[in-house]
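Numbering (this note's numbering), first residue to last: 766 to 833.
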């Protein structure tokens with residue numbers, strides 16, 4: 766939630782709604798899992814990158830309104 770205080774200079778304070786705050790335990794669990802597994806994630810990334818052929822081609826995924 767956003768609380769505005771009409772002061773000079775203006776001040777705004779934020780707080781989580783009850784619904785959003787109820788999500789914190791799930792997010793804390795997820796970030797804990799990432800911290801525990803980060804070394805393996807990095808190792809897997811390096812192994813994957815090693816297996817990929819070197820390429821100098823750069824492809825754009827941008828498309829204009831007409832699909833070009």
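Built from N, CA and C at the ideal position, the CB exists for glycine as well. On a predicted model such as this, the values are computed, not experimentally measured, just so you know.
Counting along the chain, where does the beta strand (DSSP E) carrying residue i start and finish?
i, result
"residue 778", "776 to 779"
"residue 767", "767 to 770"
State the Cα-Cα distance for the pair residue i and residue j, rounded to the nearest angstrom.
i, j, result
"residue 814", "residue 808", "10 Å"
"residue 784", "residue 820", "47 Å"
"residue 795", "residue 787", "14 Å"
"residue 774", "residue 806", "46 Å"
"residue 798", "residue 790", "12 Å"
Which residue comes first and which comes last in the alpha helix (DSSP H) that contains residue i?
i, result
"residue 811", "789 to 816"
"residue 819", "Residue 819 -> no alpha helix (DSSP H), and no H or E assigned at all."
"residue 828", "Looking at the DSSP string, residue 828 is not in any alpha helix (DSSP H), and its letter there is neither H nor E."
"residue 824", "It is not in any alpha helix (DSSP H) - residue 824 carries neither H nor E in the DSSP assignment."
Inspect the beta-carbon positions of residue i and residue j and report whether they are closer than 9 Å.
i, j, result
"residue 778", "residue 770", "yes"
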